[in-house]
Amino acid sequence: MLVAAAAAALITFPYWSAPWASRFATTVVRDALILAIFALSLDLLVGRAGMPSLGHAAFFGAGAYAAGIASQRLATDQLPVTLGAAALVAALLALVIGVLVVRSEGIFFLMLTLALAQIVFAIAFQWTAVTGGSNGLAGIGRPMLGGLDFSAPDSIYVLVAITFVLVALAIWGLTQAPYGRALIGVRENERRMRALGYDTARLRLSAFVLAGTIAGIAGALSAYSTRFVSAQDAGLGSSVRAFVTVLVGGAGTLGGPMVGSALVSLIERIVPSLLPTELRISNAILGLVFIGFVLFARQGMVGLGRFAWLRLRRR
Amino acid sequence: MSPELVFQQALNGLSFGALLFILASGLSLVFGMMDVVNLAHGAFYMLGAYVALSVVQFTGSFWLALLVAPLALALLGLVLEPLLLRRLRGRHLDQVLLTIGVSLVIVDVIGQVWGREVRSLSAPAGLDGSVALVGGVYPVYRLFVIGFGAALAAAMAVVYRRTKIGMLIRAGVEDAQMLGALGVDTNRLFAATFATGAALAGLAGVIAAPVFGVQPGMDTDPGLLYSLVVVVVGGLGTLSGAVAGSVLVGPADTFGKVLFQDVALAVIFAIVALVLLLKPTGLLGRIRIAR
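Protein sequences, first through last, are from chains A and B. Residues 531 to 845, numbered by the numbering used here, are exactly what the first sequence covers, in order. Residues 1029 to 1319, numbered by the numbering used here, are exactly what the second sequence covers, in order.
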């Protein structure tokens, strides 16, 4: 009940906030929600399955490019086509990279995802004929569902918010299901899971492809929102940003990636407006905040919240 | 391709490989000793290049820069290891995460101090010309890079095999904890290792500056990306692995760019994939990075 009310409030944000908030607020919340979807998908790997990926932006970028290129080459604005292309291309790429990386763990997994994803990024960056190279890809079609046009700022926001709610529900459902429990089992003790008869390599690969697909959908939403795909969306910076979001919020929780994306958006969008314009240090601030959380609050903001709540109750 | 072009590209590939060796040897050393993949290694490399830029600007001496930049980076490493990594001793993945944060901070600070434009540094007098080689002219500085990389590899091999420090390194790579139990001060050893890794990254930055450029983004490409590829392909934690990886990846990348232009990196992707599938320890490594 409470969740439904919150979801409804979130989806209708631009309409009830119009009297007192600027259009800028809707844009900031929209981008934060896209980051949250992206981070939720990464947390499926980092938090649930214990697979610390530093290459997740490759799938975000693949989705963004696929949606853009599909809309241009197929000359269609229809969401099922462009979003379908995004999900499909991201899933295929995740399958190719996944086959190579799922046999590795921990630091090695992190190294390999970083390197392979960054190579994919560099190819996209240089393959000007297909991706537009360093100029990025402009002129993305409007997202249409039948006769419904989602291209106005408020309606694109609604599309993003609905997707966010659906993704969050799906991931929540997944973690309650046997599949989600099995992933956590793989994280906690892979040998025991194998002994119990689970095909753990396949579990890890399926999680990698699923997370990649959701990241691709987030990428497509970003392309619709800005009507542009930047090569940077697919690069290491974007992977790091998602990783920081998950960890600062709290890995392995549903709320973590959400509050993480709120904090990261705050640092990226609001803090710079308080600083002199010649000071462009939002990444450095993000880095320092991240270092602080890794050193002192590895469970993220959700973990800190739980800790504070327990302390309060004990009094 | 004409034979002259092949020869010239082979030299280009070797000089890139020599640079990759300087870069990757530091990453490999730190991993071998501390089990930490330093993701700030690319940022250290970038910082080395920018420090060199300033030293040359103020003193006019490239050779002074070649000394000062690695020292500055070593100092930074000496500060960062006890300040950050030591607090999480034994938690290797979290230590790696710390280096991500360090990298974010360093790159932004560089942008703030030196600006975000593409800069250039010219080769020092004497090395800025060209020589005639096999029916073409070839820049002397690139030959210098090859020679420097080879000399450094030889020097490191001697230190590794014949000195007390080398003995400590070999023992530390084998089992750092046991070394501590035997009475070696591992705090000092790890700080010195991290500083040496940073110094090597800084050294690579100076050496790279005249040919491979000084610009935003160099921390990732070639910095971190290529050093990771070299250690994955060659093998982590061994000197011979770093040599093998760079000698293979440097030329492969260069010829890939000539032959396939836009999709050149697919060659590197294929090499990494093949090594992972067929030889998960890397060509000359001992640590399995995949099952």
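We put the CB at the ideal spot given by N, CA and C, even for glycine. Predicted, not measured: the structure shown is a model, and the values here were computed from it.
Rounded to whole angstroms, the separation of the alpha carbons of Y1166/B and A1160/B is 6 Å.
Around the beta-carbon of A538/A, fewer than 16 other beta-carbon atoms lie within 10 Å, marking it exposed. Sequence-distant partners of K1285/B (beyond 5 residues in either direction) whose C-beta falls short of 6 Å from its own C-beta, in its chain, are A1292. The C-alpha of G598/A is placed about 38 Å away from the C-alpha of G1262/B. Classified as exposed, D1156/B has fewer than 16 neighbouring CB atoms from the shown chains inside 10 Å of its CB. Within the same chain, Cβ atoms closer than 6 Å to the Cβ of L572/A are found at H586, A772 and V776, the five residues on either side in sequence being excluded.
Looking at the backbone, the Cα of P673/A and that of L784/A are separated by about 28 Å. Of all residues in the segment 1039-1064 of chain B, the ones placed with a Cβ closer than 9 Å to any Cβ belonging to chain A are F1059, D1063 and V1064, in chain order. Annotation note: the segment 1086-1167 of chain B contains the following uninterrupted beta strand (DSSP E) runs of length 3 or greater, listed N- to C-terminal: 1158-1161 and 1164-1167. Rounded to whole angstroms, the separation of the alpha carbons of D763/A and G1164/B is 42 Å. Taking the Cβ atoms as the reference, F694/A lies roughly 13 Å from I686/A, outside the contact range of under 8 Å. For V688/A, the secondary structure class from DSSP, reduced to helix, strand or coil, is helix.
For Q1243/B, the secondary structure class from DSSP, reduced to helix, strand or coil, is coil. Interface with chain A (8 Å Cβ-Cβ cutoff): G1129/B is included.
Against R828/A, the close residues of chain B are D1122, in the order they occur along the chain (beta-carbon pairs closer than 8 Å). Inclusion of G749/A and A592/A in the CB contact set at 8 Å is warranted, their separation being smaller than that value. In summary, the residues of the segment 820-845 of chain A whose CB is separated from some CB of chain B by less than 8 Å are F820, I821, V824, L825 and R828, in the order they occur in the chain. Per DSSP, reduced to three states, the secondary structure at F758/A is strand. Each of V1034/B, V1135/B and V1079/B was checked against the Cα of A814/A, and the nearest Cα belongs to V1135/B. Nearest to L1126/B by alpha-carbon distance, out of R828/A, A838/A and R845/A, is R828/A.
If you draw a 10 Å sphere on the C-beta of I800/A, you find fewer than 16 other C-beta atoms in it, and that means exposed. Taking CB atoms only, S634/A has a neighbour in chain B less than 8 Å away. With three or more CB-CB distances shorter than 8 Å, the segment 607-619 of chain A counts as touching the segment 736-756 of chain A. Across the segment 805-819 of chain A, CB contacts with chain B closer than 9 Å involve E808, L809, R810, I811, S812, N813, A814, I815, L816, G817, L818 and V819, in sequence order along the chain. Interface flag for V770/A against chain B is set, since a Cβ pair is found closer than 8 Å.
When DSSP states are grouped into helix, strand and coil, M1029/B belongs to the coil group.
Under the 8 Å Cβ criterion, the segment 1094-1109 of chain B does not count as touching the segment 1037-1050 of chain B, having fewer than three qualifying pairs. For A1272/B, the three-state secondary structure derived from DSSP is helix.
Across the segment 711-737 of chain A, no CB contact with chain B closer than 7 Å is found for any residue.
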